[in-house]
Each structure stands twice: as structure tokens, then as C-alpha cells.
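One structure is given below, encoded as C-alpha cells.
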Amino acid sequence: MDMLSAWRGAAVSFRPSRNSVERAALFSVLSSVVIVVAGGAVRLSSSGLGCPTWPKCTDASLTPTPAMGVHGEIEFANRTLIYLLCAAVGWLIVASTRQRDRRPGLIVLAWVQFALVVAEAVLGGMSVLTGLNPFMVAAHFVLAMVFIVVTVAAWERSREGDGVPRLLVPRAIRYLSVNRPGFGRDLRLW
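Per our numbering, the very first residue in the sequence shown carries number 2; after that it's consecutive.
If you want it as C-alpha cells, here you go:
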């Protein structure tokens with residue numbers, strides 16, 4: 002038996018448990034929170050241009066140079082965290098795709114995370130290349146919040162049972178929230 006056949010056999014037989022898929026989704030949530038917090042540290046410390054170009058840190062170096070100081074280190078650390086996030090999203094894609102009881106909704110959410118990671122990397126690079134244009138920075142932040150929402154939705158989906166969905170809110174409350182002004186859609190804060 003050659004090595005390729007052994008790997009192929011292992012790939013075909015890999016069927017992660019429901020708990021493994023849930024852990025993958027949770028790892029994705031935690032990784033996304035870590036990178037958003039790191040992005041906040043970049044913003045609060047004014048390190049957004051710590052690495053003045055993208056994807057390299059300088060024209061001649063992938064990593065920051067000592068002359069760049071702490072701002073270069075902070076920005077580079079934030080850029081490096083993308084690899085942790087890619088590992089988390091990749092694990093979720095593989096686990097949700099290979100799960101015994103496949104859940105199409107969870108697989109879609111995993112692939113949406115992948116697309117959002119790519120979009121975030123591009124927007125982050127464009128933010129640097131445009132000298133931290135406020136519109137680019139705002140778009141980068143909004144997309145990060147969308148990413149957090151999608152990761153939490155995937156985690157929640159991974160925790161759901163496989164039975165027929167059932168409504169948990171009593172009918173009277175559903176009626177009030179949809180059909181009565183002031184309940185749900187007409188909320189005023191004054």
C-alpha cells in the first residue's frame with residue numbers, strides 16, 4: 002500500500018463527531034474575537050501604518066524591521082493572527098463537510114466564513130494602501146462585525162439538534178411581536 006492510498010483511506014473514513022464540529026465552530030468564534038481585539042489594539046495604538054505597505058511589512062521585508070518600533074510589531078502581530086483564523090475556518094469547513102449527519106446550513110456558514118476572511122484580508126490591505134482612509138477602515142470594521150455574527154451563527158447551528166425545528170415562543174407572544182404596534186417593530190427610546 003503506497004502513501005497516497007493510505008491518506009485517501011484516512012480521508013474517506015474521517016467522520017468527525019458532533020462534538021468535534023461544535024468545537025471547531027467554537028474555535029472559529031474565539032479566533033475571530035481574538036483577531037478583532039487585535040485589530041482594536043492596532044487602531045487604539047495608532048499602529049495601522051506600523052507596516053506601511055501590504056502584503057509585506059516593507060517593500061524589502063515581510064516582517065517588521067527594528068526601526069519600525071512597537072507599531073510595526075503590533076501591526077505585524079495582527080496580520081499574523083490571520084493564520085490562526087484560517088486554521089479555525091479550515092477546520093470548521095472540513096469538520097462540517099465530513100460530519101456523519103451533514104448539515105447543509107452549517108456547511109454554507111463555514112464557507113461564508115472563508116469568503117469573509119478573504120474579503121477582510123483584502124479590505125485590510127486596501128486600508129493600509131489608502132493610508133487608512135476612514136471609509137476603508139469603517140468598511141473593514143463593519144465586515145469584521147458581520148464575520149463575528151456569522152461565526153456565532155455557525156456555532157449555534159452546530160449546537161442544534163437534528164430533529165424537526167419547533168417554535169419555542171408561545172403563539173400569543175409571536176402574535177404580539179408581529180401584529181401589534183410597539184412590540185418589536187415600533188420600539189422607540191423616548
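Virtual Cβ for every residue (Gly too), placed ideally from N, Cα, C.
Being a predicted model, the structure only gives us computed values, none of them experimental.
- In this structure, residue 100 and residue 155 do not form a Cβ contact; the two beta carbons are roughly 13 Å apart against a cut-off of 8 Å.
- Boundaries of the alpha helix (DSSP H) around residue 107: 105-130.
- Counting only unbroken stretches of 4 or more residues, the alpha helix (DSSP H) elements lying wholly within the stretch 129-165 are 135-160, in sequence order.
- Comparing alpha carbon positions, the residue from 122, 123, 109 closest to residue 159 is 109.
- Annotated three-state conformation of residue 98 is helix, per DSSP.
- CA-CA distance, residue 170 to residue 157, rounds to 18 Å.
- One thing to note: residue 97 has its Cβ no nearer than 7 Å to the Cβ of residue 88.
- Residue 117 is positioned such that its CB atom lies closer than 7 Å to that of residue 148.
- Within the model, the alpha-carbon separation for residue 168 versus residue 153 is close to 20 Å.
- Around residue 59, the same chain offers 52, 53, 65, 66, 69 as residues with beta carbons nearer than 8 Å, after the five sequence neighbours per side are excluded.
- Residue state for residue 34 is assigned as helix, using DSSP reduced to three classes.
- In the three-state DSSP reduction, residue 15 falls in the coil class, being neither helix nor strand.
- Residues 49, 50, 52, 53, 54, 55 of the same chain have their beta carbon placed closer than 8 Å to that of residue 129, with the five preceding and five following residues left out of the count.
- Here the alpha carbon of residue 20 sits roughly 13 Å from the alpha carbon of residue 92.
- DSSP, read as helix, strand or coil, puts residue 58 in coil.
- Contact annotation: residue 85 and residue 32 have beta-carbon atoms nearer than 7 Å.
- Rounded to the nearest whole angstrom, the C-alpha separation of residue 77 and residue 105 is 36 Å.
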